[in-house]
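Accompanying notes for the structure given below.
2 protein chains.
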Amino acid sequence: MPNMTLRDIANALDLSVSTVSKALRDSYEIGYETKKRVMNYARANHYLPNRMAKSLKEGKSGSIGVVVCSIDNSFVSRMLDGIDGACTAAGYDIIIMQSKESLAQEKSCLKQLEARGVEGILISPAAETINLDHIVGLRAIGMPTVLFDRISERFDSYQVGVDNREGAFLATQHLIANGYMRIAMLNIGPDIHFASLRGKGYQDALRANHIPYREEYVRLCNPSSRDTLKDCVSTNIRSLLELPTPPEALFTTTDQLSTHSLSVMHQLGYQIPQDIALIGFSNTELADILTPPLSTVYQPAFEIGRKAAEKLIALIVGKEEPEEYETVMLPVQLDIRESSRTRIEPKR
Amino acid sequence: MPNMTLRDIANALDLSVSTVSKALRDSYEIGYETKKRVMNYARANHYLPNRMAKSLKEGKSGSIGVVVCSIDNSFVSRMLDGIDGACTAAGYDIIIMQSKESLAQEKSCLKQLEARGVEGILISPAAETINLDHIVGLRAIGMPTVLFDRISERFDSYQVGVDNREGAFLATQHLIANGYMRIAMLNIGPDIHFASLRGKGYQDALRANHIPYREEYVRLCNPSSRDTLKDCVSTNIRSLLELPTPPEALFTTTDQLSTHSLSVMHQLGYQIPQDIALIGFSNTELADILTPPLSTVYQPAFEIGRKAAEKLIALIVGKEEPEEYETVMLPVQLDIRESSRTRIEPKR
DNA sequence: CTGTTAGCGCATTCAC
DNA sequence: GTGAATGCGCTAACAG
Numbered sequence: 000m001p002n003m004t005l006r007d008i009a010n011a012l013d014l015s016v017s018t019v020s021k022a023l024r025d026s027y028e029i030g031y032e033t034k035k036r037v038m039n040y041a042r043a044n045h046y047l048p049n050r051m052a053k054s055l056k057e058g059k060s061g062s063i064g065v066v067v068c069s070i071d072n073s074f075v076s077r078m079l080d081g082i083d084g085a086c087t088a089a090g091y092d093i094i095i096m097q098s099k100e101s102l103a104q105e106k107s108c109l110k111q112l113e114a115r116g117v118e119g120i121l122i123s124p125a126a127e128t129i130n131l132d133h134i135v136g137l138r139a140i141g142m143p144t145v146l147f148d149r150i151s152e153r154f155d156s157y158q159v160g161v162d163n164r165e166g167a168f169l170a171t172q173h174l175i176a177n178g179y180m181r182i183a184m185l186n187i188g189p190d191i192h193f194a195s196l197r198g199k200g201y202q203d204a205l206r207a208n209h210i211p212y213r214e215e216y217v218r219l220c221n222p223s224s225r226d227t228l229k230d231c232v233s234t235n236i237r238s239l240l241e242l243p244t245p246p247e248a249l250f251t252t253t254d255q256l257s258t259h260s261l262s263v264m265h266q267l268g269y270q271i272p273q274d275i276a277l278i279g280f281s282n283t284e285l286a287d288i289l290t291p292p293l294s295t296v297y298q299p300a301f302e303i304g305r306k307a308a309e310k311l312i313a314l315i316v317g318k319e320e321p322e323e324y325e326t327v328m329l330p331v332q333l334d335i336r337e338s339s340r341t342r343i344e345p346k347r
Numbered sequence: 000m001p002n003m004t005l006r007d008i009a010n011a012l013d014l015s016v017s018t019v020s021k022a023l024r025d026s027y028e029i030g031y032e033t034k035k036r037v038m039n040y041a042r043a044n045h046y047l048p049n050r051m052a053k054s055l056k057e058g059k060s061g062s063i064g065v066v067v068c069s070i071d072n073s074f075v076s077r078m079l080d081g082i083d084g085a086c087t088a089a090g091y092d093i094i095i096m097q098s099k100e101s102l103a104q105e106k107s108c109l110k111q112l113e114a115r116g117v118e119g120i121l122i123s124p125a126a127e128t129i130n131l132d133h134i135v136g137l138r139a140i141g142m143p144t145v146l147f148d149r150i151s152e153r154f155d156s157y158q159v160g161v162d163n164r165e166g167a168f169l170a171t172q173h174l175i176a177n178g179y180m181r182i183a184m185l186n187i188g189p190d191i192h193f194a195s196l197r198g199k200g201y202q203d204a205l206r207a208n209h210i211p212y213r214e215e216y217v218r219l220c221n222p223s224s225r226d227t228l229k230d231c232v233s234t235n236i237r238s239l240l241e242l243p244t245p246p247e248a249l250f251t252t253t254d255q256l257s258t259h260s261l262s263v264m265h266q267l268g269y270q271i272p273q274d275i276a277l278i279g280f281s282n283t284e285l286a287d288i289l290t291p292p293l294s295t296v297y298q299p300a301f302e303i304g305r306k307a308a309e310k311l312i313a314l315i316v317g318k319e320e321p322e323e324y325e326t327v328m329l330p331v332q333l334d335i336r337e338s339s340r341t342r343i344e345p346k347r
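If you're matching them up, the sequences are chains B and F in order. Residues in the first sequence are numbered consecutively from 0, following numbering that gives the first Met the number 0. Residues in the second sequence are numbered consecutively from 0, following numbering that gives the first Met the number 0.
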């Protein structure tokens, strides 16, 4: 037995469809008695308004689209949790799509969401996405859009994320404060915007402390494929540690880099932080259970998602002036744990 | 400039709406020239069919609903990835909702999905959900439904998951084979079906090896709140290790139990597996980077999601006989790592 | 080959 | 107070 419609109720109660419609929406035009009858009948028969029809009629789908690189990523899923919270509270449901870091897929996701009639889009661009024209284009067709997490100052619109440069600066600064001078960085890239900001923060901190920047202490891995990423980390860690003057500390700029690095160092028998200190970026769940517990730059993932969704909803509802674009930078926070403990001069 | 409609194209090209509609769908009734004109015009003007209208017309939304306990869980998100893969491939998009382990919210999710007009539902029931009547009820209204991950033999329908009893049996058996006799289990529950199956597997393995079952070696923690879970693990681990005859090995039946246990043991200064061996359930990503690498019963999360989605889609498309319900049990696999290494008699 | 008509379920004028 | 009529954008049956 498929769902009942307004007409079914109307027929059963010997009323017209429009009367029933109004009664259910508690319109002032309908008499108390009639309302009562309709409401009761509807409840008793589990009437559910057909949202497709309602959507079509009102030109609103009641849903918003979310594009992320991958669902299967703890940082992303925490942001999604935040998004879901805000959207559910506001009565929107979310359609999540994955770009898998591919620009082509990202475009395809956007197209689908548009066709689906979402009322707004939240997007964290793919790593491959250098040019944001297709996202800017969304505005042209009147689609409210908020960028989150992977934000860009080249995108003049609503954005929610953290200050990546600042986070990296703090991390590096912390290592320096703890007595480390020779600090290496393992980053992803090139051409990934937030990653280069983190790189910049690292350099700025060195400069601020009059520590020379050493080319050979900075390594990049491309995140395109997991296997190669792991290999790349392994190669670079080995190479760093075998340098004539190896670094005393390492700043790894993403979760995967951090965990793989730790794993390689364990394999090679290095002690952390005695042999080399370590600080990562964004990891929270894992940080505590690693050995040693990993110091990290904490990013408020849930909050990023929530704030971005709230912003988007405000845009949709139209309470916001479309003119004043703004970038919301949530504060990062240093979670200091054992992996970056104050340096002790190695015994000879 | 909002989206253009079939009528816009029709007017522009001086054709009727239905001709345009047919042309775009490459109907045999339309002449080559006309098709060409329409197609070109549509592409040039970025025509996107309105899916809400299409859905209403066809009575199909092209979307399926997914209910999970929480997005923010690596195991769940890997299953979602599998679901997304199958659905995207089949042209469905997914609407994900979270029950947060609450029965009331689970029911609310189901209602919303129904109202939304999803064509089918994939659900992994909340921990609170003992009685599955509301899920069985979905069938009554003709909603194709597939249970995944948290399956139940009390539910006579389509289900995809793993054999939890078997997995626990294998894990325990493995510990025994490696020389451990006094084996404790830290489980969640009571009243969580898959958890009690894991408990059963543990007991079965002991019995099969003529090892007496010891009440004091079996501990339960309730997963309702994270904080209390962590505390509960801590309390139980301490208490286990302080027993007159402490266990030589521990089987932790969920990811959170495993990681918290590891963390507590580290804090207390226990060596793994020298002081106590450890084997967990379902973790994959983490297992390798923990210290020591954690042996686990591997569950093919992605596959579970994929298979469940494929099943559901087959049901929706109607290729399946609705009579022959079946439970698909995917094989678990033991991933042996260092935490459960062969026992070495401790030196005195 | 192309156009006309009808209707999916709902909300909203506008009459009565 | 209530109901008839209209249309959201699309597809499909049926005419031409």
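Where a beta carbon is used, it is the ideal one built from N, C-alpha and C, also for glycine.
Chain F has a Cβ within less than 8 Å of the Cβ of ASP80 of chain B.
In the DSSP secondary-structure assignment, ALA276 of chain B is bridged to B:ALA248. Residues of the region 99-112 of chain B with a C-beta atom less than 9 Å from some C-beta of chain F are LYS110, GLN111 and LEU112, listed in chain order. Taking 8 Å as the CB threshold, PRO272 of chain F stays off the interface with chain B. Within chain B, the residues ARG50, MET51, GLY61, SER62 and ASP92 have their CB atoms less than 9 Å from the CB of ARG115 of chain F, given in chain order. Residues of chain B with a Cβ closer than 8 Å to the Cβ of ARG77 of chain F are, in chain order, ASP71. For ILE303 of chain B against ASP148 of chain B, the beta-carbon gap comes to about 6 Å, under 8 Å, which counts as contact. Interface with chain F (8 Å Cβ-Cβ cutoff): LEU55 of chain B is included.
MET142 of chain F carries a coil assignment under DSSP once its states are collapsed to helix, strand and coil. With distances taken between CA atoms, ASN49 of chain F lies nearest to B:GLU113 out of B:LEU23, B:GLU113 and B:ASN44. Of all residues in the region 280-297 of chain B, the ones placed with a Cβ closer than 9 Å to any Cβ belonging to chain F are GLU284, LEU285, ASP287, ILE288, LEU289, THR290, PRO291 and PRO292, in chain order. CYS86 of chain B: member of the alpha helix (DSSP H) spanning 73-89, first to last residue. In terms of Cβ geometry, ASN235 of chain B and LEU185 of chain B form a close pair [threshold 8 Å].
Only THR258, LEU261, SER262 and HIS265 from the region 251-269 of chain F bring a Cβ to less than 7 Å from some Cβ of chain B.
Within chain B, the C-beta atoms nearer than 9 Å to that of LEU47 of chain F come from LYS110, GLU113 and ALA114, in chain order. PHE168 of chain F has its alpha-carbon roughly 7 Å from the corresponding atom of ASP203 of chain F. Under the three-state reduction of DSSP output, ARG24 of chain F falls in the coil class, being neither helix nor strand. Taking CYS68 of chain F as reference, the option from F:LYS199, F:ILE29, F:GLU105 and F:GLY116 with the minimal CA-CA separation is F:GLU105. Taking all protein chains shown into account, ILE134 of chain B has 16 or more neighbouring C-beta atoms within 10 Å of its C-beta and is therefore buried. The C-alpha of ARG237 of chain B is placed about 13 Å away from the C-alpha of GLU215 of chain B. ASN2 of chain B has no beta-bridge partner at all, per DSSP. Leaving aside the five residues that flank LEU205 of chain B on each side, the residues in its chain whose CB is nearer than 6 Å to its CB run, in chain order, TYR212.
For the region 192-218 of chain B, no residue has a beta-carbon sitting nearer than 9 Å to a beta-carbon of chain F. Less than 8 Å divides the Cβ of MET328 of chain F from the Cβ of VAL161 of chain F.
In terms of beta-carbon proximity, ILE95 of chain F lines the interface with chain B, with at least one pair separated by less than 8 Å.
If you check the CB distance, GLU325 of chain B and TYR91 of chain B do not come in under 8 Å. Going by DSSP, TYR31 of chain F is part of no beta strand (DSSP E) but of the alpha helix (DSSP H) stretching over 31-43. For the pair of segments examined, the region 16-28 of chain B was found not to touch the region 68-86 of chain B: the number of CB pairs separated by less than 8 Å stays below three.
By alpha-carbon distance to GLY166 of chain B, the top candidate from B:GLY136, B:PRO222 and B:SER294 is B:SER294.
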